[in-house]
Each structure stands twice: as C-alpha cells, then as structure tokens.
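Below is one structure, written out as structure tokens, with a few remarks after it.
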Amino acid sequence: MTRLIAFDVDSTLLRVESLDTALEAALAGREDRGAAKARLHEITRAGMSGSMALRDSLEARLQLAALDREQVRVVGEQLRQRLTPGMAPLIRKLRDRGDVLHAISGGFADLLEPVLTDLGFGQGDIHANRFVWTGEAVSGLDTDYPLSRNGGKAEILNSISGQAHETIMVGDGMTDFEAFEAGAADRFIGFGVIAKREVVVAACEWSGASYVRTVGGLAKALGV
C-alpha cells in the first residue's frame, strides 16, 4: 500500500519564501527598498493567511520589482542553501520506507527546481507556478496553471493521488489546509517551524488536523 505525502515548499521545505527572496534581491538598489520590502511581506502574509486571493497576492508581489532571467538563476542557486534544517534527512527516511513524495508550491518552478532536485524530486514530482517571460524579463505568471489560484493544490493532489491508500498534505499556509478541507488529502499537518500562522493553527484545531512546531514533531506525526 502506497502513502503519498505532498510537501509545500516555501516556509516548509525551505526556511524562506522563494519569491520574496528573489524580489528582495531585485529591490536592493532602490531608495524605497525598506517600504517596498515591508509591503512585499504584507502581501505575502495576506496571501498565506487567506485574507487575500492567492493570484492577487502573486501578481501584486511581481509588480513590486522587475525580475530578469539572471536574477532568477542566481536566487535559484542560493535557495539550495536555504533548506529547513532537518528536512533533508526526513525526506530520505520517508523515501526509504516507501512513501511517494511530491512538492506542491504556489512559488515558481524556475526558482525552486535546483533545490528540489537536490532533495531527490524528479520533474514529475514538482508542481509549481511558472513565470511568463518577455525576452529576459519576467512579465507575469501562467494564470492557466491551477497553482496560480486558491484551490489549485486540491486539483493537483486529485490528479496525482492515484492508487495511494493515504494522501497527506504538509504545509504552513491556508492554501495547504484548503486541499485537505476540499477532500483531496486524507490528512493535513500544519507546519509551524518557520512561519506560525494563527489562522492555520485555528483551522487545525477546528478540524482536528495535526499542527507541529518542530521537524522532529513532523517526523513523529508521519510515523518515522
């Protein structure tokens, strides 16, 4: 019997928000970088807590700074050093016991593929948004892809769960909980190690889902 475990990436497998990391780098030379950075984090929190639609949050963040292909490449390499401590050995243990692992992210594959490849995720295991490019510049995101909108993680889970006898979603945000709430996952484990979102804590308490505050707690919740 196969168990499928789907991991969120930003503030779960990674100890940062990948898009914000790229945008902060792009804002570095601007005189208003302090105010822009504060606005960036405000928009991110709104999207992750569910008080702002995911697509609106993504589009608003992309409008704050211009990203080009070289910046995306450089940040993608930097993210390889920003793994959540303890997550890589946990991933190995889960694979060793026979679990099928997928990464499902509202972030962007262009940034995330290097670090997810390091963790052993193949192309078919990585589900993330894609930038739209105009020449060498990011001009938007692919709005036809499910993960660009709320409810998209449930769509992805439903498409990959196949014959799995149990499907588990692990993540820090409301988009992760929504997949469980929609019935696409049998279990949800809220991950509060990097970002503790009170709305997710409350949702877990209301639904009876698990909520963990350490990687060791996550391992225990997953039975390893």
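So the sequence shown is residues 384 to 607, counted in my numbering.
All C-beta atoms in this analysis are idealised placements derived from N, C-alpha and C, irrespective of residue type, glycine included.
- Pairing arginine 532 with arginine 438 gives a Cβ-Cβ distance under 9 Å.
- Distance from the Cα of glutamate 538 is smallest, within the candidate group Arg513, Gly566, Ala471, for Gly566.
- Looking at the DSSP output, alanine 486 sits in a beta bridge with Phe390, Ile509.
- Around glycine 556, the same chain offers Met431 as residues with beta carbons nearer than 6 Å, after the five sequence neighbours per side are excluded.
- The stretch 535-601 contains, as complete beta strand (DSSP E) runs of 3+ residues, the segments 549-554, 570-574, 593-595 (chain order).
- A straight line joining the alpha-carbon of glutamate 407 with that of aspartate 482 spans about 36 Å.
- The residues Thr404, Ala405, Ala408, Leu494, in chain order, have a CB closer than 7 Å to that of valine 458 in the same chain once the five nearest residues on each side in sequence are set aside.
- Its chain contains Ser440, Ala443, Arg444 as the residues whose beta carbon lies nearer than 6 Å to that of isoleucine 426, once the 5 sequence neighbours on both sides are disregarded; these appear in chain order.
- Glutamate 460 and valine 399 have their C-alpha atoms spaced approximately 14 Å apart.
- In this structure the stretch 503-518 does not lie against the stretch 564-582, because fewer than three pairs of beta carbons, one per stretch, are closer than 8 Å.
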